[in-house]
């Protein structure tokens, strides 16, 4: 069965510093990987995804993620954090669920706090 | 496009009451989903639908029912509300096939409290 692990419940970073939010996955076959962001009292918003090709994926709001097949990781990164980046971040992996259907399995989320 | 719209935003239910969470999307997506989000638990899939007239159970279907009579609408029914169903509920949709990266678009959420 597929699974996603986000090993850090919370990440604190100073404004202007680089940030990393970690994600590892387990899935049969080639993974399709996603990052979503959730601001307080809002739904999840799509940030970026890896399907195939370049291991470095660029997404919304200056975020990027690096796919590492040997380490089964898909860490989210940003060179310079903003206070407005403070939110809950979810990693997800797409996996086959039978009868031609594919579903996303989400990690538990990582709360990012950017300190002014 | 409005995207995925769900109502109500907030609701308090008494134990044993019933209610329906409404969800509609205007993106002509074939796949629709209902998730629940509990603190520190991520999102759990309740039910999903791959098209009108087709629904299937997700990871946590007990206590819920769904229907999909049209492409646009995917209501979630709670028949006998229990305190364990206190949660935030998200409806979502996607256009999905074998070769698609399955980007899911979410509604704004419905906060449900059962007392």
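Residue numbers (the working numbering), protein chains in the order written: chain A, 7 to 122; chain B, 9 to 123.
All C-beta atoms, glycine included, are put in the ideal place defined by N, C-alpha and C.
For residue 48 of chain A, the nearest candidate out of B/111, B/13, B/90 and B/68 (CA to CA): Residue mapping note: residue 48 of chain A aligns to position 42 of the first chain, counting from 1. Nearest C-alpha to residue 48 of chain A: B/13.
Classification of residue 18 of chain B by the beta-carbon crowding that lies within 10 angstroms, buried from 16 upward: On the second chain, position 10 is the one that residue 18 of chain B refers to. The residue is exposed, with fewer than 16 neighbouring Cβ atoms inside 10 Å.
Residue 96 of chain A beta carbon less than 9 Å from that of residue 68 of chain A: Your numbering for residue 68 of chain A matches position 62 in the first chain. Your numbering for residue 96 of chain A matches position 90 in the first chain. Their beta carbons are not under 9 Å apart, which means residue 68 of chain A does not touch residue 96 of chain A by this criterion.
For residue 23 of chain A, the residue or residues it bridges with in DSSP: By 1-based counting over the first chain, the position of residue 23 of chain A is 17. Residue 23 of chain A is not bridged to any residue.
Proximity of residue 48 of chain B and residue 15 of chain A at Cβ, strictly below 9 Å: Counting from one through the second chain, the residue named residue 48 of chain B turns up at place 40. Counting from one through the first chain, the residue named residue 15 of chain A turns up at place 9. In this structure, residue 15 of chain A lies closer than 9 Å to residue 48 of chain B by Cβ.
Element boundaries [beta strand (DSSP E), containing residue 60 of chain B]: What you label residue 60 of chain B is simply residue 52 of the second chain in a count that begins at 1. Neither: residue 60 of chain B is in no beta strand (DSSP E) and is coded neither H nor E.
N- and C-terminal bounds of the beta strand (DSSP E) containing residue 20 of chain B: Residue numbering aside, residue 20 of chain B sits at position 12 when the second chain is read from its first letter. That run of the beta strand (DSSP E) goes 18–21.
Contiguous beta strand (DSSP E) assignments of at least 3 residues, all confined to the region 23–61 of chain B: 27–33, 39–45 and 51–59
Inter-residue spacing [alpha-carbon to alpha-carbon] between residue 42 of chain A and residue 96 of chain B: Counting from one through the first chain, the residue named residue 42 of chain A turns up at place 36. Counting from one through the second chain, the residue named residue 96 of chain B turns up at place 88. Roughly 17 Å separates the two Cα atoms.
Start-end ranges of the beta strand (DSSP E) lying completely within the region 74–118 of chain B, minimum 3 residues: 84–86 and 95–102
Within chain B, the residues that residue 16 of chain A reaches when beta carbons sit closer than 9 Å: The residue labelled residue 16 of chain A in the question sits at position 10 within the first chain. Per Cβ cutoff of 9 Å: no residues; residue 16 of chain A is ~11 Å from chain B at best.
Residue burial classification, residue 123 of chain B (beta-carbon count within 10 angstroms, cutoff 16): Position 115 of the second chain, counted from the first residue, corresponds to residue 123 of chain B. It counts as exposed.
Beta-carbon proximity check, residue 122 of chain A vs residue 89 of chain A, cutoff 9 Å: In the first chain, the residue the question calls residue 122 of chain A occupies position 116. In the first chain, the residue the question calls residue 89 of chain A occupies position 83. When the beta-carbon positions are compared, residue 122 of chain A and residue 89 of chain A come within less than 9 Å of each other.
Nonlocal neighbours in the same chain, by C-beta distance under 8 Å from residue 69 of chain B, ignoring five residues either side: Along the second chain, one-based indexing puts residue 69 of chain B at 61. Cβ within range, chain order: 54 and 55.
Pair within 9 Å by beta-carbon distance, residue 72 of chain B and residue 42 of chain B: Translated into positions along the second chain, residue 72 of chain B becomes position 64. Translated into positions along the second chain, residue 42 of chain B becomes position 34. Their beta carbons are under 9 Å apart, which means residue 72 of chain B touches residue 42 of chain B by this criterion.
Segment limits, beta strand (DSSP E) that includes residue 67 of chain A: On the first chain, residue 67 of chain A is found 61 positions in, with the first residue counted as 1. DSSP places residue 67 of chain A outside any beta strand (DSSP E), giving it a letter other than H or E.
Those residues which DSSP pairs with residue 72 of chain A across a bridge: The residue given as residue 72 of chain A occupies position 66 in the first chain. Partner(s): A/62 and A/81.
Between the CA atoms of residue 32 of chain A and residue 76 of chain B - distance to the nearest angstrom: Numbered from 1 along the second chain, position 68 holds the residue referred to as residue 76 of chain B. Numbered from 1 along the first chain, position 26 holds the residue referred to as residue 32 of chain A. Rounded to whole angstroms, residue 76 of chain B and residue 32 of chain A show a C-alpha spacing of 32 Å.
Short CB-CB distance (under 9 Å) between residue 115 of chain A and chain B: On the first chain, position 109 is the one that residue 115 of chain A refers to. The Cβ of residue 115 of chain A sits closer than 9 Å to at least one Cβ of chain B.
Local Cβ density within 10 Å of residue 65 of chain B, reported as buried at 16 or more and exposed below that: Here residue 65 of chain B is taken as the residue at index 57 of the second chain, counted from 1. It is exposed - the Cβ of residue 65 of chain B has fewer than 16 other Cβ atoms within 10 Å.
Residue 120 of chain A, enclosing beta strand (DSSP E) - first and last residue: Your numbering for residue 120 of chain A matches position 114 in the first chain. Counted as a single uninterrupted DSSP element, the beta strand (DSSP E) harbouring residue 120 of chain A occupies residues 116–121.
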